[in-house]
Amino acid sequence: MSKKLVIVLGPTGVGKTELTLQLAERLNTEIISCDSRQMFKEMSIGTARPTEAQTKRVKHHFVGNLSIHNYYSCGRFELEVLELLKELFKTKDTVIMTGGSMLYIDAICKGIDDRPEVNQELRDSLWARYDKEGIDGIREELVKLDPDYAAQMDPHNYKRIIHALEICLSTGQPYSKLRQETKKERDFEIVKIGLNLPREELYDRINKRVDQMMEEGLLEEAKSLYPQRELNSLNTVGYKELFNYFDGTWDYDYAVSMIKQDSRRYAKKQLTWFRRDEEIHWIAPTDIEEAVKISTNG
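Residue numbers for the sequence shown follow this note's numbering, beginning at 1 and rising by one.
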């Protein structure tokens, strides 16, 4: 019997956590998180990290295992997940992975390409340009050279934007094209289940989840992280908006409204990315029976 990795994906706030817990219980297996922010132990409320009660129901991996001060990458995630799967598949026929981090999902499904060497002079010139002009002009150039990759990027993640532009200028090809050309073979089957809702219902869920996060103490959590606000790990929806409130740039109500708006924008970006993948089986987040059927039949 071939081993199988079932990936439950979808936009933020759609309801991946509960369906995945039920699915893991039905399949008697464990869960790998592919949420690039739930890994950081200091970021609990704002990332909707699984609760202690939920992790007691089903064993989770890659949740709260890093500090915001740790450097982490898609490449490292690929290597560590593949090593973990080797161990889990010794006793499990099926393992579940869930989350909405698009690049992390791609790292497992397609692999991280061997990146071309970037000329140091080019790298230095882009960073000098960033220091002098900011990220806007660099981002606009990336949009022209690689609109596909730019469309799913966090527009404020200057490190990834600069790196992607480095690759485009070094190779004369879109970074997204290079990433798609060398899909790596896996020795296990991959099944993808996508969760979605009608747009108004999804957006309403997102808005209510933000309100719930604020009630649970997101303001205090963000305040405790404010001294480290320059860290890339904290350039995250839910935190960066509150940092603007602490700065005095925004008032409280506006900051909360922007968390909701930025969360909705991110959900739209996720869905645009996922809909390009014809291998995804789309279901409602409450349809556990269909999820079990897809997971067992492929």
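Note that CB positions come from ideal geometry on N, CA and C, so glycine has one too.
Nearest neighbour of H69 by Cα position, chosen from T272, Y130, E289 and R229, turns out to be R229. If you look at K268, you'll find it in the alpha helix (DSSP H) that goes Y252 to F274.
For G75, no beta strand (DSSP E) segment is defined; the enclosing uninterrupted segment is the alpha helix (DSSP H) at C74 to L88. Under the 8 Å Cβ criterion, the stretch 161–169 counts as touching the stretch 143–150, having at least three qualifying pairs. When DSSP states are grouped into helix, strand and coil, G111 belongs to the coil group. Around the CB of N119, fewer than 16 other CB atoms lie within 10 Å, so the residue is classed as exposed. In the same chain as S176, and ignoring 5 residues on each side of it, the C-beta atoms closer than 6 Å to its own belong to D146, D148 and Y149, in chain order. Per DSSP, G64 lies in no alpha helix (DSSP H) segment and is marked neither H nor E. Of the candidates L178, Y226 and E133, L178 places its Cα closest to the Cα of I112. Rounded to the nearest whole angstrom, the C-alpha separation of L103 and C74 is 7 Å.
When only Cα atoms are considered, G172 and T55 end up about 46 Å apart. For K4, the uninterrupted beta strand (DSSP E) run begins and ends at K4 to L9, by DSSP. In this structure, V292 and L88 do not form a Cβ contact; the two beta carbons are roughly 19 Å apart against a cut-off of 8 Å.
Ranked by how close their Cα comes to the Cα of L202, the residues R264, L218, Y158 and L231 have R264 in first place. If the five residues before and after R57 are omitted, its C-beta is found closer than 6 Å to the C-beta atoms of L21, all from its own chain and listed in chain order. The secondary-structure analysis by DSSP pairs V191 across a beta bridge with V6.
Nearest in C-alpha terms to K183, of all of V8, G64, E78 and A48, is E78.
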